[in-house]
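First the structure, in the form of structure tokens, and then the observations on it.
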Amino acid sequence: MLSSPMLVSLTLFLSLPLVLFFSPQILTPTYFRFSSDAEDLTLFRRATAAPHTTTHLATATNPKPKIAFLFLTNSNLTFAPLWEKFFSSADSNHNLFNIYIHADPTAAVASPGGVFHRRCFIPSKKTHRASPTLIAAARRLLAYALIDDPLNQYFALVSQHCIPVSSLRFVYNYLFKNPLVSLASFAGSNYNYNLPSFIEILSDEPNLYERYSARGEKAMLPEVPFEAFRVGSQFFVLNRRHTEVVVRDRRLWKKFKLPCVTEEPCYPEEHYFPTLLSMEDSNGCTGFTLTRVNWTGCWDGHPHLYTPPEISPELIRRLRVSNSSYPYLFARKFSPDCLAPLMDIADDVIFRD
Ligand SMILES: *[C@@H]1O[C@H](CO)[C@@H](O)[C@H](O)[C@H]1NC(C)=O
Ligand SMILES: *[C@@H]1O[C@H](CO)[C@@H](O)[C@H](O)[C@H]1NC(C)=O
Ligand SMILES: *[C@@H]1O[C@H](CO)[C@@H](O)[C@H](O)[C@H]1NC(C)=O
């Protein structure tokens, strides 16, 4: 017969796995992971340590390139059900994409479940508008996705206000052109040099000089002369090679992370990526974003916010059309109550190719 101290020990011993299993959920909220400075440092060290493992590519059977979807958010992912449909439309095995979420740990962002499971949430820091924190968050997402899966060949940055305007199959085939492209053909080099990055790069904005000098007249010199300063949409789809350029960069990031000192907001996230990539490899970039935004009647730097009465099949069709030779694959911004009308036309319009 067991003595009672032994019984207590045994009970404790047996309950240990349960305690270990549940304690992370008890100790930390399920919806965020805060990244310490040390963790950031480790992340970037790992991401910049060359070369990246190509062994996975060589050993995987029939490896297919993947799209890493990078969600940058400081509120709940209202459109998660629509994205869920998007992700499940083409591929039930989830072998064409990965999802990574950077959620501001100071905002109570809940995990929507489904494809957006808890492991998608990467260690994150607080973000706020018109500050270098948005660049830092995007870089953290890119670095994390780079390390996480060598099959990630495209990296698409979106926010909680973005929606897809085509099916995943269409997006995938558009980006990789040939759906049957096999990584075996470029496994040795770790990336396909022919895939362009879709990032807007403009040099003719009226207030470009004000934004350039927002940290002080000479603050960006000598790394970034005004002639090299560019502007573009915060949302982009980068290839793996350019993602590595961004993650390795310290020269320009050192400048762009300086605070702006003027009254006007300077939106560093709209300058850092286009400037860096136009300096490093403008020929490898299309100069266009794949994310449609409506700046008509914009106010205080905010684009048009679509509301439920505006949602229609016609709107989705209009949002796909661009003035360039590229279509739009994503669109923003939509108010949270647009979810229901969007879900109503999801199968018949949005995800119908
Ligand atoms: C997100 O959703 C959760 C539960 O669904 C809620 O408790 C939380 O307040 C929401 N957060 C925000 C920022 O709205
Ligand atoms: C863009 O927004 C304006 C309102 O600011 C609206 O009248 C117009 O229809 C929108 N354009 C598209 C293509 O949705
Ligand atoms: C295309 O160009 C026209 C004329 O410049 C402009 O009014 C319209 O908003 C542009 N459409 C898009 C999708 O950029």
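Here the sequence shown stands for residues -21 to -1, 1 to 332, numbered as in mature numbering (1 follows the signal peptide of the UniProt record, and there is no 0). Idealized CB from N, CA, C, for every residue including glycine. Since the model is a prediction, treat every value here as computed from it, not as a measurement.
* Tell whether a beta-carbon distance below 8 Å holds between residue 333 and residue 134. => Here the chain comprises residues numbered -21 to 332, so residue 333 is not present and cannot be evaluated.
* Would you be able to state if there are at least three C-beta pairs under 8 Å between the stretch 9 to 26 and the stretch 128 to 143? => Not touching, per the Cβ criterion.
* In whole angstroms, what is the alpha-carbon distance linking residue 91 and residue 212? -> The sequence position of residue 91 within the sequence shown is 112, counting from 1. The sequence position of residue 212 within the sequence shown is 233, counting from 1. Spanning the two alpha carbons is a distance of roughly 27 Å.
* Asked: What are the complete beta strand (DSSP E) segments, minimum 3 residues, inside the stretch 175 to 209?
  -> Listed in chain order, they are 176 to 179.
* To do: Take residue 119 as the anchor and find which of 13, 318, 181 has the nearest alpha-carbon.
  => On the sequence shown, position 140 is the one that residue 119 refers to. The option with the nearest alpha carbon to residue 119 is 13.
* Is residue 209 near ligand 2, going by C-beta to nearest heavy atom under 7 Å? -> If you number the sequence shown from 1, residue 209 lands on position 230. Look at residue 209: its beta carbon is at least 7 Å from all of the heavy atoms in ligand 2.
* To do: Go to residue 134, then tell me how far its beta strand (DSSP E) extends in each direction, as first and last residue.
  => Counted from its first residue, the sequence shown places residue 134 at position 155. Looking at the DSSP string, the run of the beta strand (DSSP E) that includes residue 134 is 131 to 138.
* Asked: How about the stretch 221 to 234 and the stretch 258 to 270: do they share at least three Cβ pairs that are nearer than 8 Å?
  -> In short, these stretches touch, since the Cβ pair count reaches three.
* Asked: CB of residue 82 to nearest heavy atom of ligand 1: below 7 Å?
  -> By 1-based counting over the sequence shown, the position of residue 82 is 103. No, the beta carbon of residue 82 sits no closer than 7 Å to any heavy atom of ligand 1.
* Asked: With respect to the beta strand (DSSP E) encompassing residue 221, which residues constitute its N-terminal and C-terminal limits?
  -> By one-based count along the sequence shown, residue 221 stands at place 242. Annotation for residue 221: no beta strand (DSSP E) segment contains it, though the alpha helix (DSSP H) segment containing it runs 219 to 227.
* Asked: Around ligand 1, which residues pass a check of Cβ closer than 7 Å to any of its heavy atoms?
  -> Those residues, listed in chain order, are 54, 55, 86, 87, 88, 89.
* Would residue 218 be called buried (16 or more neighbouring beta carbons within 10 Å of its own) or exposed? -> Residue 218 sits at position 239 when you count from the first residue of the sequence shown. Here residue 218 is buried: its Cβ has 16 or more other Cβ atoms, across all protein chains shown, within 10 Å.
* Just reading off the alpha helix (DSSP H) that residue 126 is part of, what are its end residues? -> Position 147 of the sequence shown holds residue 126. Looking at the DSSP string, the run of the alpha helix (DSSP H) that includes residue 126 is 112 to 127.
* Asked: To the nearest whole angstrom, what separates the beta carbons of residue 247 and residue 179, a pair I think is in contact under 8 Å?
  -> For the purposes of this step, residue 247 is taken as residue 268 along the sequence shown, with counting starting at 1. For the purposes of this step, residue 179 is taken as residue 200 along the sequence shown, with counting starting at 1. In fact, because the Cβ distance is near 15 Å, the residues do not count as touching under 8 Å.
* With respect to the beta strand (DSSP E) encompassing residue 265, which residues constitute its N-terminal and C-terminal limits? -> Taking the first residue of the sequence shown as 1, we reach residue 265 at position 286. Its beta strand (DSSP E) spans residues 264 to 266.
* Can you list, in chain order, every residue whose CB sits closer than 5 Å to a heavy atom of ligand 2? -> Qualifying residues, in the order they occur: 273, 275, 276, 283, 297.
* Asked: In or out: residue 235 buried (at least 16 other Cβ within 10 Å) or exposed?
  -> On the sequence shown, residue 235 is found 256 positions in, with the first residue counted as 1. Label assigned to residue 235: buried.
* To do: May I ask whether a heavy atom of ligand 4 can be found less than 7 Å away from the beta carbon of residue 42?
  => This structure lacks ligand 4; its bound ligands are ligand 1, ligand 2 and ligand 3.
* Comparing alpha-carbon positions, which option in 229, 267, 16 lies nearest residue 210? -> One-based indexing of the sequence shown puts residue 210 at position 231. Measuring from the Cα of residue 210, the nearest candidate turns out to be 267.
* Asked: Nearest-angstrom Cα distance between residue 202 and residue 287?
  -> Reading the sequence shown from its first residue, position 223 is the one you call residue 202. Reading the sequence shown from its first residue, position 308 is the one you call residue 287. Answer to the nearest angstrom: the Cα atoms are 46 Å apart.
* How big is the Cα-Cα spacing for residue 181 and residue 245? -> On the sequence shown, position 202 is the one that residue 181 refers to. On the sequence shown, position 266 is the one that residue 245 refers to. Their Cα atoms are separated by approximately 15 Å.
* Quick one: Cα of residue 264 to Cα of residue 256, how far? -> Working through the sequence shown from its first residue, we reach residue 264 at position 285. Working through the sequence shown from its first residue, we reach residue 256 at position 277. The alpha-carbon atoms of residue 264 and residue 256 are separated by roughly 8 Å.
* Asked: Per DSSP, what kind of secondary structure is residue 388 in: helix, strand or coil?
  -> No answer is possible for residue 388: it lies beyond the span of the chain, which begins at -21 and ends at 332.
* Where residue 45 falls: helix, strand or coil (DSSP) -> By one-based count along the sequence shown, residue 45 stands at place 66. Three-state DSSP puts residue 45 in a strand.
* Minimum C-alpha distance to residue 147 - residue among 250, 46, 320, 131 -> In the sequence shown, the residue the question calls residue 147 occupies position 168. Considering only alpha carbons, the answer is 46.
* Asked: Of all the options 111, 80, 109, which has the alpha carbon lying nearest to the alpha carbon of residue 102?
  -> Taking the sequence shown and counting its residues from 1, the one referred to as residue 102 is at position 123. The residue from 111, 80, 109 with its alpha-carbon nearest to that of residue 102 is 80.
* Counted within 10 angstroms of its Cβ, other Cβ atoms place residue 205 as buried (16 or more) or exposed -> The residue given as residue 205 occupies position 226 in the sequence shown. Its Cβ having fewer than 16 others within 10 Å, residue 205 is exposed.
* CB-CB under 6 Å to residue 249, same chain, minus the five flanking residues each way: which ones, in chain order? -> Taking the sequence shown and counting its residues from 1, the one referred to as residue 249 is at position 270. The residues are 210, 213.
* To do: Check whether the Cβ atoms of residue 99 and residue 78 sit closer than 8 Å, and answer yes or no.
  => In the sequence shown, the residue the question calls residue 99 occupies position 120. In the sequence shown, the residue the question calls residue 78 occupies position 99. Residue 78 is positioned such that its CB atom lies closer than 8 Å to that of residue 99.
* Return helix, strand or coil for residue 108, following the three-state DSSP convention. => Numbered from 1 along the sequence shown, position 129 holds the residue referred to as residue 108. Coil.
* To do: Would you kindly report the start and end of the unbroken alpha helix (DSSP H) that includes residue 295?
  => For the purposes of this step, residue 295 is taken as the residue at position 316 of the sequence shown. Element bounds for residue 295: 292 to 299.
* Touch check for the stretch 287 to 300 and the stretch 316 to 330: three-plus C-beta pairs under 8 Å? -> With a cut-off of 8 Å, the stretch 316 to 330 and the stretch 287 to 300 count as touching, because enough Cβ pairs lie within range.
* To do: Evaluate residue 300 with the Cβ neighbour count: other Cβ atoms within 10 Å of its Cβ, from every protein chain shown; 16 or more gives buried, anything less gives exposed.
  => Within the sequence shown, residue 300 is the residue found at index 321, counting from 1. The residue is exposed, with fewer than 16 neighbouring Cβ atoms inside 10 Å.
* Asked: Cα separation between residue 89 and residue 74?
  -> Within the sequence shown, numbered from 1, the residue matching residue 89 stands at position 110. Within the sequence shown, numbered from 1, the residue matching residue 74 stands at position 95. Note on geometry: alpha-carbon atoms of residue 89 and residue 74 lie some 25 Å from one another.
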